[in-house]
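Residue numbers (our numbering), protein chains in the order written: chain P, 102 to 589; chain F, 356 to 770; chain H, 78 to 424. Working notes, beginning with the structure itself.
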């Protein structure tokens, strides 16, 4: 089925997530959608599947305009979406799961007939799932297979896959690609959302690249990697004035660090972080940089390896111990993990400071808050509730809350969602700290930011970690390719 | 926020539960209690208040008291009853009987009746705190000079009690004359002096009739007491009397005597009978209790509180109040005379003609002076209670320290 | 129009909530064929109709206020301490235990009472700490843990009353042997009210007020309650603060139990908590973390409790009606608050 999007707009508050996107996916093709995190891929797919209502624009299926207001509408029109985490109901039998969502089956489904259909579908694709087993017993890959069959059985003619290869084995990935190729031969369309350049290259008939809510360009095989990277991350920008405060004194030493998580393994990372240095962690979301940063902050316990702070081992100690050693962690989700909804700025400064006595000295607290407000250029009063501040001001408040004398400052996306002015201001403040010996490790998905402010960069891809790259000799293109998994 | 939502959910549930409980237990105003047909008030109305442990319509102990109060209203001109029922810590948390009695006084009561032995402490506390208010404590012993708990300072209290021992003997007799298995169960409430002596009386009556009218060996008669913990079922607090009755019937006890205020034994006997078993029950307290299931009811020993209440309320009304202890017995001329007999026994439809004749014989013997509280009698643990030929005194009966030899069941609560 | 005067708007909405709750209760009254206005009149007269009645209201208010004080702390920490009933009960059990242990000794009665109160606090805190540890170390939700502990506490009371602490020769659920009068809290002559316990309750709520308003501890509790992850990242030992909230609440619940034993019943009875824990939960929900508002609201709830005793006496109605009114109040205040927020957002 041919899918056509015309001038799609969608804004969330001030963010223009989809800005005038127009795209045609002819029937019988596999369309790749590339873009870094926050480029607007997921929003576009959610618009197409009815999870989100578009603000402006038109969707046409086989040249017929349609309105899609809910996921149920979408599947009625033949659009099915395979989510990153297939939506299923684990304590159920597979056949029951299969039945969910289809209206025609009625209250008392004809199980025998449905089982027959299930088995026929399986044979067509060469899957091997026991219809009477339980969902829990399936691997992520098998769940995907089940979900694809379910969507087809419910009448999907367009299949959307959002990062489908996360967490499945190489052979399962091959199986998946094979299945998709069979489907498009029958005249179906597949939209394949990914950030993995190699996969897109291997699978797709055409690629659309998104950047910052806009369609940055389209590409057709044979693909040029450099071209795709440039489309994803923008033109290589001339890097402006950069000052580094890195010294040759090792502040933090990481040796043989191994981290395990449900989805991911990071093995044997060795790294010396020098006093005053800034290290950027690059990579697509979910590549392991978050786990690495949180391990450095004492929030996750590594399964192997050691962490030393100024020669002293601190592996396995608690987060609060790390804090006392001058290691501070600033999370990305400001209101979820860093600040407290309902409390004022002053309350936050009181909380972050050492307790003196039992009662809070309000006058003192107000003074200190006022000083920080001026110091960090926060637009707000001490009595402002934190959620009433803008994102940039919340971020400044978060930074202001960290102690003034730090050995290691760990930050997730320190400038995400902030305007240029705030970004420059915040980095000015951060570099000031580097000058006084603090080292900074931060995660960013903004390549320019990474190259501009880091001394060195580590690139993460699927739990693998690159050697530290010196930013002076690294280009945006190189970085983009590494992030896409080329050469790691 | 989600916490807001859970607040909402929890409060919804709470309200729902409260509405449910209110609907369940709310007793619709019967016939506008306040608008009693009082004759033109020539003299000042004498209001008496009654504090009842159970619901006023429990078909048991409290209803018997309620009817006693109604009897007074009818027979003693110018009196009116107000009451509060379900006075126990489970039904009215946060209150004490004394506090509720004061509420009745505030509503105009000039005399207060406490109807349960369980209110002993509260009745004494109230009497001491309100020396101007006459107090009748039914089943108490605070003003019994020969009693163990004599408090001479309570000059405004009267204790009344019926000699239910006789009623229980008749009940025991009827049970012994009926049982085919020779096993009688006794569904006991809580354990105290009163309940021990009543269970023992039932046993004595049963053994006498078993031996003398049926000519059987007393050793072959099994008599077992199981206590539930209170006068009626309080879910989660007491044992479930329905369960206890069932256990009796299922383990070959074909007659169950109820010592509690409610009619579970009768109901269960009915259920068993309808499934083909020959089972019977004897309820307690309230003359109308057999109506629950006539077909399996052997009869009911009951209290008739009216005459004693009328007597003392009249005294109070006429200003002739004095502390007294009265343990009123049946009127042997007619044990069921509503104006004279404090304790009675109504035969039930299930009592056979033979058994009925024998029971009449037994009642006649009792009327003629037969006493079963006579030695030789041993306590449950085998120690001597009454020597051969010795007749128990009132205090000996009232404060029976254990069950009697030959009875099964706990004499004192276990640890 | 509303936006210009949100304060008046808010007040109007509060009044609306009370009116709705009364309306709801009235409908229920009409359903059981009773006169709502007569019922309300009786409740009012029954609670403030005389000095003595009002003193009875205070007797009910004291444990309710103590329970509410404790709950304000756990609510601040974002915890649903449903287990408060069990904590009151455990407080009562420990108080009784201390009194039994010391009653026949030569220790002066005043000291015995003080020790009994301390024991009560210990009992409540101990019970609460179990719920807290289940929550913090065992990931058992405090609501389920609390319900379980309530059940155990009730079972334990009954076991004690029927077993080890039974009255000699008696096996009745009516309670243990009353303590001698020297071991009662001194009463105001002619009343059931003890000024000592009244002062205690007021002192406790004042402490809670300052604790939540002006101390580091209170602010941190609030932070934990509003956003545990952020609080943790800011360096607050969240587990320790949650446990502390449970301990404090339990200690105050234990005080409520101690007051019930030494000041009201003078013995242990099966339902010694008298439902004040659950009622305290309603109050705490209604007052939205504000100790000063808790004072009049809990007093009002105590008035409803005491005033409704008139219903069975005068109108032959069940006194659980006060519970309906209390629940309806909470429900409608929350509903109306939700509606107000929606309206303010729209305008």
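Where a beta carbon is used, it is the ideal one built from N, C-alpha and C, also for glycine. Fair warning: this is a prediction, and the values are worked out from it, not measured in the lab.
Given a limit of 8 Å on CB to CB distance, which residues of the segment 113-143 of chain H reach chain F?
123, 126, 127, 129, 130, 133, 137
Going by beta-carbon coordinates alone, are residue 311 of chain P and residue 587 of chain P separated by less than 9 Å?
no
Evaluate contact between the segment 672-680 of chain F and the segment 651-662 of chain F, counting only Cβ atoms and requiring at least three cross-stretch pairs below 8 Å.
no
Does the segment 477-494 of chain P touch the segment 321-331 of chain H, meaning 3 or more C-beta pairs lie closer than 8 Å?
no
Indicate whether residue 431 of chain P and residue 292 of chain P have their beta-carbon atoms separated by less than 9 Å.
no
Got a sec: is the Cβ-Cβ distance from residue 585 of chain F to anything in chain H below 9 Å?
yes
Hey, quick one: how far does the beta strand (DSSP E) through residue 311 of chain F stretch, first residue to last?
Because chain F here runs from 356 to 770, residue 311 of chain F falls outside it and cannot be looked at.
Of all Cβ atoms in chain F, is any one closer than 9 Å to the Cβ of residue 396 of chain H?
yes
Alpha-carbon to alpha-carbon, residue 595 of chain F and residue 534 of chain F
24 Å
If the cut-off is 8 Å on Cβ atoms, which residues from the segment 414-444 of chain F count as contacting chain H, listed in chain order?
437, 438, 439, 440, 441, 443, 444
Just to confirm the assignment, what range does the beta strand (DSSP E) spanning residue 568 of chain F have?
From DSSP, residue 568 of chain F is part of no beta strand (DSSP E); its letter is neither H nor E.
How big is the Cα-Cα spacing for residue 425 of chain P and residue 561 of chain P?
29 Å
Step through the CB atoms of chain P and report whether any lies within less than 9 Å of the CB of residue 292 of chain H.
yes
Would residue 757 of chain F and residue 735 of chain F be called neighbours here (beta carbons separated by less than 9 Å)?
yes
Please identify, using Cβ separations under 8 Å, the residues of the segment 413-429 of chain P that lie next to chain A, in order along the chain.
Going by chain labels, chain A is absent from the structure shown, which instead holds the protein chains P, F and H.
Can you list, in chain order, the residues of its chain with a C-beta nearer than 6 Å to that of residue 262 of chain P? Leave out the 5 residues immediately preceding and following it.
183, 293
Taking Cβ positions, are residue 459 of chain P and residue 166 of chain H nearer each other than 9 Å?
no
Look at the alpha carbon of residue 567 of chain P and the alpha carbon of residue 589 of chain P, and state the distance between them as a whole number of angstroms.
7 Å
Determine the closest residue to residue 157 of chain P out of P:516, P:313, P:123, with distance taken between C-alpha atoms.
P:123
According to DSSP, residue 702 of chain F sits in a beta bridge with which residue or residues?
F:654
Which residue wins for smallest C-alpha separation from residue 381 of chain H, given the options H:135, H:175, H:393, H:88?
H:135
Give me the subset of the segment 438-454 of chain P whose CB atoms are less than 8 Å from a CB atom of chain H, sorted by chain position.
438, 439, 440, 441, 442, 443, 444, 448, 449, 451, 452, 453
So residue 345 of chain H and residue 234 of chain H are in contact, right, with Cβ under 8 Å, and what is the actual spacing, rounded?
7 Å
Can you list the residues of chain H that residue 502 of chain P reaches, using a CB-CB cut of under 8 Å?
311
Buried or exposed by the 16-neighbour rule on C-beta atoms within 10 Å, applied to residue 104 of chain H
exposed
For my contact list, residue 584 of chain P and residue 570 of chain P are in at a C-beta cut-off of 8 Å; report their separation, rounded to the angstrom.
That pair is no contact at about 11 Å.
How far does the beta strand (DSSP E) with residue 105 of chain P in it extend, from its first residue to its last?
104-113
Mind checking who residue 319 of chain P pairs with in its DSSP beta bridge?
P:309
Name the DSSP beta bridge partners of residue 590 of chain P, please?
This structure does not reach residue 590 of chain P, given that chain P is present from 102 up to 589, and the question cannot be answered.
Along the chain, where does the alpha helix (DSSP H) that runs through residue 319 of chain H open and close?
315-336
Closer than 9 Å, CB to CB, is residue 353 of chain H near chain F or not?
yes
Buried versus exposed call for residue 664 of chain F [16 or more other C-beta atoms within 10 Å across all chains shown]:
buried
List, in chain order, every chain P residue whose beta-carbon is nearer than 7 Å to that of residue 304 of chain H.
441, 442
Residue 461 of chain P: contacting residues in chain H (beta-carbon distance under 7 Å):
291, 292, 293, 296
Kindly list, in the order they appear in chain H, the residues whose Cβ is closer than 7 Å to that of residue 476 of chain F.
255
Contact list for residue 545 of chain F against chain H, beta-carbon separation under 8 Å:
247, 248, 249, 250, 251
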